[in-house]
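Residue numbers (the numbering used here): 1 to 435. Just so you know, even glycine gets a beta-carbon here, dropped at the ideal spot from N, CA and C. The model shown is predicted, which means the values in this text are computed figures rather than measured ones. Note sheet for the following structure.
Here it is as structure tokens:
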């Protein structure tokens, strides 16, 4: 399986990933707000305006950091013009001018967040981990830089092979992070263990290979405050690094890309989507998701026959999104809730991950039908349009200038989808089914 993805793989030099705000000229920052940086040559930049993300652009300039910043800004004004216009239009709608009073102080988008957080709800953050203490350390440090006023962090140590994770949490993060052990492998089972210990009325989940933005929790809470019918909020996932060809390939595959425009979905007001609500993968990803705690508990938590570490390989997040929607709640996507993800660095790991994405999709759809067989007619009605959509997507990938590796990764994903139902049923038969 892995050699299929590695053959004819593209080779590119590493590209530093940076964070810039057009309102702060000349300043580059490392992902996760880990401090300033002065890059040289070429960068891939997340571009913001007054903290709100607009998109990612690439730029090159060899004259130094100042020239490189101007090159990034120029690229942003060209490539992200639509997002810039939309952002300014929203601000003008709020205050009539699009600028802070007197030219200083808060912009309207910032004032809206402050107002939404006036009575900030307590948030429990659950981080499941297994045998990756160094990645976990970076993740926890980023979480502790959060600007949110009231939150707790729960680390769920999921069947680790040694005591390194426990030693890290109880040592370096003593008094700041709660440690819980889940001895049975499986991401959904680990998330359920954290959910059972959560004290907040909102519960957020991220992975140990992420860095969270300081405003991540604030953006999630703001989305929930917008409408009490919202049961789940997902957020933007961007790469923390693009240092290997495999990482760049995974990013180009679009596995995490969900866009920079806020959206809300509801079964009572369905979008023009031929597969909705079965297209849960378009709603977000498990590395950046949050729920009203009582809503997730009422749904029974996550299906433990899905998720990494089980035969199903994934799909726990997708099935949870689907169940939230079909239970009558709204699901919102909030791009201001930013998580930086450290993609797998090797071709073998990327191949396994892409196969897992496909398997998770197949497992999720199987789980949705097993939990409620009456959903089968609705899914069958949508299949012909879904097949046409998949064929169109395949043609688009073939037009990619590096289509060979793209097709190979796509094939791995399809193979995973075929395997996914078997994986889910194996999980059920071996006792890993819903609790």
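Taking all protein chains shown into account, do 16 or more other C-beta atoms lie within 10 angstroms of the C-beta of residue 381, making it buried, or fewer, making it exposed? exposed
For the ligand NAD, is there any heavy atom lying closer than 7 angstroms to the beta carbon of residue 335? What this structure holds is no ligand at all, so the ligand NAD is not there to describe.
Our contact map puts residue 151 next to residue 127 with C-beta atoms below 8 angstroms; I'd like the distance itself, whole angstroms only. Their Cβ separation, rounded to whole angstroms, is 12 angstroms, which puts residue 151 and residue 127 out of contact at 8 angstroms.
Under 8 angstroms, with one C-beta from each stretch per pair, do the region 221-234 and the region 329-337 reach the 3-pair mark? yes
Who are residue 417's beta bridge partners in DSSP? Partner(s): none; residue 417 has no beta bridge.
C-alpha distance - residue 394 paired with residue 354, whole-angstrom precision: Bear in mind that a pLDDT of 49 at residue 394, under 50, signals an unreliable position, so the model cannot answer this.
According to DSSP, simplified to helix, strand and coil, what is residue 184? coil
Residue 72 versus residue 24 - alpha carbon distance: 13 angstroms
Below 8 angstroms on the Cβ atoms is my guess for residue 357 versus residue 300; work out the distance and round it to an integer in Å. Not really, about 24 angstroms apart at Cβ, beyond 8 angstroms.
For residue 376, count the other beta carbons within 10 Å of its own beta carbon; 16 or more makes it buried, fewer makes it exposed. Which is it? exposed
Rounded to whole angstroms, what's the CA-CA distance from residue 82 to residue 285? Just pull it up for me. 25 angstroms
The beta strand (DSSP E) enclosing residue 292, as first and last residue numbers: 289-292
Rounding to the nearest angstrom, what Cα-Cα distance links residue 74 and residue 49 in this structure? 14 angstroms
Using a threshold of 8 angstroms, state whether the C-beta atoms of residue 222 and residue 143 are closer than that. no
Residue burial classification, residue 436 (beta-carbon count within 10 angstroms, cutoff 16): With the chain running from 1 to 435 in the structure shown, residue 436 is simply not present.
Could you name the residues of the same chain whose beta carbon sits closer than 6 angstroms to that of residue 323, not counting the 5 residues immediately before and after it, in chain order? 299
Nearest candidate by alpha-carbon position, reference residue 350, set 289, 292 and 412: 412
8 angstroms CB neighbourhood of residue 164 in its chain, flanking five on each side removed: Non-local C-beta neighbours of residue 164 in its own chain, meaning closer than 8 angstroms and more than five positions away in sequence, comprise 131 and 133, ordered along the chain.
Within this structure, are the beta carbons of residue 445 and residue 361 separated by less than 8 angstroms? The structure shown does not extend to residue 445, since the chain is modelled only from 1 to 435, so the question has no answer here.
With DSSP run on the structure shown, which of helix, strand or coil describes residue 128? strand
Are the CB atoms of residue 146 and residue 195 within a distance shorter than 8 angstroms? no
Can you grab the Cα-Cα spacing for the pair residue 260 / residue 80, in whole Å? 10 angstroms
How is the alpha helix (DSSP H) around residue 158 delimited, first residue to last? From DSSP, residue 158 is part of no alpha helix (DSSP H) but of the beta strand (DSSP E) over 151-158.
Take residue 429 as the anchor and find which of 310, 67, 213 and 51 has the nearest alpha-carbon. 310
Any C-beta of chain C sitting closer than 8 angstroms to the C-beta of residue 184? The structure shown contains no chain C, having only a single protein chain.
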